[in-house]
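Working notes, beginning with the structure itself.
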Amino acid sequence: MTIYCQLSFGKKKTGFPPIFTNIIKKKMASATPSKKPVICLVIGMAGSGKTTLMQRLSMHVNENKIPSYFINLDPAVHTLHYEPHIDIRDTVKYKNVMKEFQLGPNGAILTSLNLFSTKFDQVLNILEKRSDSLDYIFIDTPGQIEVFIKFYYYYYYKNIK
Numbered sequence: 021m022t023i024y025c026q027l028s029f030g031k032k033k034t035g036f037p038p039i040f041t042n043i044i045k046k047k048m049a050s051a052t053p054s055k056k057p058v059i060c061l062v063i064g065m066a067g068s069g070k071t072t073l074m075q076r077l078s079m080h081v082n083e084n085k086i087p088s089y090f091i092n093l094d095p096a097v098h099t100l101h102y103e104p105h106i107d108i109r110d111t112v113k114y115k116n117v118m119k120e121f122q123l124g125p126n127g128a129i130l131t132s133l134n135l136f137s138t139k140f141d142q143v144l145n146i147l148e149k150r151s152d153s154l155d156y157i158f159i160d161t162p163g164q165i166e167v168f169i170k171f172y173y174y175y176y177y178k179n180i181k
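In the working numbering, each residue's number is its place in the sequence shown (first place is 1) plus 20.
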């Protein structure tokens, strides 16, 4: 088994640390087959190559006939070179959000994710129905996903107290 991973820090690219590669190999070798798919959430800074990685993963799973499901959560992406099964852009129109709420790019992404979050139950139901037939679920996120997560983390804990 070969594991390829590349971390990007600005323009400098480094390989995945060998110690982690060995841990991953051991875990995968000792893992018992499961009915539930592996979920791969692709997170990184804007322009770091998340969508390019998704395109390459899509090519790989299609060529090898690996049952997988692809989700795009980036409302501002112009072009996808892979075909997602679920695409936030089908539900939320990023440019319309910018105009309607008079927001800049980052605010529009956060608001688009907020609007799409009302559909998460539907997405989870779809994934649950298909989970027995899938090996992987790949989720592409916008570079600003950490803002969305921090916002909800703060909101959740503020309202609990």
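All C-beta atoms in this analysis are idealised placements derived from N, C-alpha and C, irrespective of residue type, glycine included.
With respect to T71, V112 sits apart: the two C-beta atoms are not nearer than 8 Å.
Note that the segment 129-138 does not touch the segment 74-89; fewer than 3 beta-carbon pairs, one per stretch, sit closer than 8 Å. At a Cβ-Cβ threshold of 8 Å, M74 and D160 count as neighbours. Between Y89 and R150, the C-beta spacing is below 8 Å.
Within the same chain, Cβ atoms closer than 6 Å to the Cβ of K56 are found at S151, the five residues on either side in sequence being excluded. For D141, the enclosing alpha helix (DSSP H) begins and ends at 140-150. By the neighbour-count definition (other C-beta atoms within 10 Å, threshold 16), P125 is an exposed residue.
When DSSP states are grouped into helix, strand and coil, S68 belongs to the coil group.
For V112, there is no enclosing beta strand (DSSP E), since its DSSP letter is neither H nor E. Here V58 carries a strand assignment [DSSP, helix/strand/coil].
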